[in-house]
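*Asks:*
Residue numbers (UniProt numbering): 1 to 227.
#1: With DSSP run on the structure shown, which of helix, strand or coil describes residue 13?
#2: If residue 125 and residue 150 are in contact, beta carbons under 8 Å, what's the gap, nearest whole angstrom?
#3: Could I get the ranges of all uninterrupted beta strand (DSSP E) runs contained in the stretch 74-112, with 3 residues as the minimum, in chain order?
#4: Given this structure, state the Cα-to-Cα distance separating residue 48 from residue 75, to the nearest angstrom.
#5: How is residue 46 classed by DSSP in three states: helix, strand or coil?
#6: Whole beta strand (DSSP E) runs in the stretch 111-189 with 3 or more residues, listed along the chain?
#7: Quick check on the burial criterion: 16 or more other C-beta atoms within 10 angstroms. Buried or exposed for residue 121?
#8: Going by C-alpha distance, which of 4, 6 and 11 is nearest residue 145?
#9: Tell me, to the nearest whole angstrom, how far the beta carbon of residue 291 is from that of residue 4; I am working on the premise that it is less than 8 Å.
#10: Find the nearest neighbour of residue 178 within the set 186, 218 and 197, judged by alpha-carbon distance.
#11: Going by other Cβ atoms of all chains shown within 10 Å of its Cβ, with 16 needed for buried, is residue 142 buried or exposed?
#12: So residue 176 and residue 203 are supposed to be a Cβ contact under 8 Å. How far apart are they, rounded?
#13: Kindly say whether residue 182, judged by its beta-carbon, lies nearer than 8 Å to any beta-carbon of chain B.
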């Protein structure tokens with residue numbers, strides 16, 4: 001079975017995978033959940049370096065590298081740095097763009113303006129409410145609100161650096177419905193096949209069993225393609 005390297009999105013932490021990890025372990029998989037940076041001035045390249053180091057720690061494993069939301073940009077840059085270490089890239093409702101593209105380049109203009117305004121004093125963007133991630137139930141929203149943390153603005157403004165090596169790695173985009181941003185279009189630009197699932201943007205929290213089935217299915221299809 002593979003090692004799933006699970007990379008959390010903006011405003012989140014490794015705890016975002018807490019409900020999913022036991023389900024992957026029950027299926028015999030291994031997991032690694034690196035923690036991205038949260039200090040002001042921390043950038044996208046810093047996060048890609050953290051994930052590249054995580055890949056080094058599981059060298060030789062059959063690695064499926066998964067990035068949720070903002071981490072779509074992170075995992076593609078990390079995979080570009082360590083192409084021989086990654087068997088498959090998965091974007092979970094993930095942002096993705098060409099070399100030289102930042103998240104705010106991909107986002108609607110008002111989104112970027114709001115991020116800059118929110119971080120004007122500290123360089124950190126305060127966490128939005130759980131509803132911004134599609135989490136509506138009272139219990140889940142309370143659980144999430146207690147854990148969300150500010151996000152360094154630089155992670156959203158720094159342009160991704162890609163040599164093209166990542167484009168040689170097979171990829172899948174898991175896109176949630178209803179769609180929050182044009183994640184299917186990002187997937188098409190990256191040349192990834194798309195799987196659409198009925199769950200909110202933070203489906204890893206609200207629908208972990210569904211997401212686990214999808215991720216295990218991605219791995220099984222990848223294994224069959226290698227036979």
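For glycine and all other residues, C-beta sits at the position ideal for the given N, C-alpha and C.
*Replies:* Checking against the coordinates, here is how it stands:
#1: Residue 13 falls in the coil class under three-state DSSP.
#2: Yes, residue 125 and residue 150 are in contact; Cβ-Cβ is about 6 Å, under 8 Å.
#3: Runs found: 88-92.
#4: Taking the straight line from one Cα to the other gives about 7 Å.
#5: DSSP places residue 46 within a helical segment (H, G or I) once states are collapsed to three.
#6: Secondary structure in the stretch 111-189: the beta strand (DSSP E) runs of 3 residues or longer, each lying completely within the stretch, are 171-177 in chain order.
#7: Classification for residue 121: exposed.
#8: Of the residues 4, 6 and 11, the one whose Cα lies closest to the Cα of residue 145 is 11.
#9: The chain is shown only over 1 to 227; residue 291 falls outside these bounds and no answer can be derived.
#10: It is 197 whose Cα lies nearest to the Cα of residue 178.
#11: That one is exposed.
#12: In this structure, residue 176 and residue 203 form a Cβ contact; the two beta carbons are roughly 5 Å apart against a cut-off of 8 Å.
#13: Absent from the structure: chain B. Only one protein chain is present.
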